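Take the sequence shown: its position 264, counted from the start at 1, is 264 in the UniProt record's numbering, and no numbers get skipped. Even glycine gets a Cβ: it sits at the ideal position worked out from N, Cα and C. Computed from a prediction, not measured in an experiment: that's the story for all the values here.
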Amino acid sequence: MNGKKILVTGGTGQVAGPVAKALAQDNEVWALGRFGAPGSEEALREHGITTFRWDMDDTGEDALKGLPEDFTHVIHSAVNRGEDGDFNRAIEVNTVAAGRLMTHCRTAEAFLYVSTGALYKRQTLDHAYHEDDPVDGVADWLPAYPVVKIATEGAVRAYAATLGLPTIIARLNIAYGPGGYGGVPMLYFKRMLAGEPIPVPVEGQNWCSLLYTDDLVEQVPHLWNAATVPATLTNWGGDESVGITDCVRYLEELTGVEAKLVPSEVTRETYQFDPTLRKRLTGPCKVDWREGIRRTVESMYPEYAKQR
Numbered sequence: 001m002n003g004k005k006i007l008v009t010g011g012t013g014q015v016a017g018p019v020a021k022a023l024a025q026d027n028e029v030w031a032l033g034r035f036g037a038p039g040s041e042e043a044l045r046e047h048g049i050t051t052f053r054w055d056m057d058d059t060g061e062d063a064l065k066g067l068p069e070d071f072t073h074v075i076h077s078a079v080n081r082g083e084d085g086d087f088n089r090a091i092e093v094n095t096v097a098a099g100r101l102m103t104h105c106r107t108a109e110a111f112l113y114v115s116t117g118a119l120y121k122r123q124t125l126d127h128a129y130h131e132d133d134p135v136d137g138v139a140d141w142l143p144a145y146p147v148v149k150i151a152t153e154g155a156v157r158a159y160a161a162t163l164g165l166p167t168i169i170a171r172l173n174i175a176y177g178p179g180g181y182g183g184v185p186m187l188y189f190k191r192m193l194a195g196e197p198i199p200v201p202v203e204g205q206n207w208c209s210l211l212y213t214d215d216l217v218e219q220v221p222h223l224w225n226a227a228t229v230p231a232t233l234t235n236w237g238g239d240e241s242v243g244i245t246d247c248v249r250y251l252e253e254l255t256g257v258e259a260k261l262v263p264s265e266v267t268r269e270t271y272q273f274d275p276t277l278r279k280r281l282t283g284p285c286k287v288d289w290r291e292g293i294r295r296t297v298e299s300m301y302p303e304y305a306k307q308r
């Protein structure tokens, strides 16, 4: 796409950051955020992105004062994860921020809200979750997070219908790749480097649908094209089912670094998706998960990639 005016929240993150930088080549891109990390704002500006200071925790009416209203496309990826354990505050912050953002950009051609697959009601480890599967918002590793996402999905649906704003809600799986912190696979690799144990299920393994950065970036315009009133809902992950244990073992093979896998009743649960709807909306992914992991390691940890 080109010649559009695009608004991005969460532009310093693993998801929206690469999207903003890629789209800035042929479009006018604005990024909203606090830019608390040193150099994060400058890094976006170096790609021709206009930055605007916005703290989504500010739920006041003037939080977006001074921001243009004529954006053609919006991707809302920023989130207050509720890490302090205050569920009510986290729900208020996320739902109000989404509502204010959608109202401000009510004339846009399309609004993309990035949700999460962590909100699905847990079934078997190898269940392929479909958009119609039940949700329950349980995540022992970060209890408020899926609750916040469910609440905000509700707000986004309401504003899409009320404002007549074409909207798509994309429940993200695990995004990974060079840039940012590398995604969950690189979190596991950091544990491997530190010699820390990695909890895995006592039987079987957790499964997921890894989505490499290049595929994610390429799919965003297609998701915008699928935005509707009422809002469209889709899973957003890769085409392949990937076992987390298999992923860690591949990191061992690739780098020569040992992984200390420890069977445990409590693990960081992941979810694999049924990709049928997403593939119909965006087309298939192009990067195999092993290739994606290899590229990520070579970019972020070249000294270990050379040990192959």
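- By the C-beta density criterion, threonine 267 is buried, having at least 16 other C-beta atoms within 10 angstroms.
- The segment 16 to 23 and the segment 169 to 183 touch, with no fewer than 3 CB-CB distances between them shorter than 8 Å.
- Here the segment 230 to 242 makes no contact with the segment 87 to 107; the two share fewer than three CB pairs at distances below 8 Å.
- For asparagine 206, same chain residues with a beta-carbon under 8 Å away, outside a window of 5 residues either side, are Leu125, Val200, Gly243, Ile244, Thr245, Thr267, Arg268, Glu269, Thr270 in chain order.
- Judged by DSSP in its simplified three-state form, alanine 161 adopts helix.
- Per DSSP, the continuous alpha helix (DSSP H) segment holding isoleucine 91 begins and ends at 87 to 104.
- When the Cα atoms are used, leucine 64 and tryptophan 54 turn out to be separated by approximately 7 Å.
- In summary, asparagine 88 is exposed, with fewer than 16 beta-carbon neighbours lying within 10 Å of its beta-carbon over all protein chains present.
- In this structure, the CA atom of valine 257 is about 23 Å from the CA atom of glycine 204.
- Cβ-Cβ distances below 6 Å link glycine 48 to Ala24 in the same chain, with the five nearest sequence neighbours on each side left out; the list follows chain order.
- Residues of the same chain with a CB within less than 6 Å of the CB of leucine 32, apart from the 5 flanking positions on each side, are Thr9, Phe52, Trp54 in chain order.
- With fewer than 16 other Cβ atoms from the protein chains shown falling within 10 Å of its own Cβ, lysine 190 counts as exposed.
- Secondary structure of tryptophan 54 (DSSP, three-state): coil.
- Following the DSSP letters along the chain, one finds leucine 233 inside the beta strand (DSSP E) bounded by residues 232 to 236.
- With three or more CB-CB distances shorter than 8 Å, the segment 112 to 126 counts as touching the segment 141 to 152.
- Cα atoms of leucine 216 and phenylalanine 35: separation of roughly 23 Å, rounded to the nearest angstrom.
- Within the DSSP secondary-structure output, arginine 122 pairs in no beta bridge.
- Annotation for tyrosine 301: no alpha helix (DSSP H) segment contains it, and DSSP assigns it neither H nor E.
- Residues Trp30 of the same chain have their beta carbon placed closer than 6 Å to that of threonine 50, with the five preceding and five following residues left out of the count.
- Comparing alpha carbon positions, the residue from Ala305, Glu42, Ser209 closest to histidine 127 is Ser209.
- Counting C-beta pairs closer than 8 Å gives fewer than three between the segment 158 to 171 and the segment 137 to 145, which falls short of the contact rule.
- Under DSSP, the beta-bridge partners assigned to glutamate 28 are Lys5.
- For serine 264, the CB contacts under 6 Å within the same chain, skipping 5 residues up- and downstream, are Pro199 in chain order.
- Secondary structure note for arginine 278: its alpha helix (DSSP H) is the uninterrupted segment 276 to 282.
- Scanning the segment 253 to 278 from its first residue to its last, the whole beta strand (DSSP E) runs of 3-plus residues come out as 260 to 264.
- A distance below 7 Å between beta-carbons, with the five flanking residues on each side excluded, links arginine 45 to the following residues of its chain, in chain order: Thr51.
- Take isoleucine 6, set aside five residues on each side of it, and the residues of its chain with a beta-carbon closer than 6 Å to its own are Leu23, Asn27, Val29, His73, in chain order.
- In this structure serine 299 is exposed. Its beta-carbon is surrounded by fewer than 16 other beta-carbon atoms within 10 angstroms.
- Counting C-beta atoms within 10 angstroms of its own C-beta, lysine 21 has 16 or more neighbours from the protein chains shown and is therefore classed as buried.
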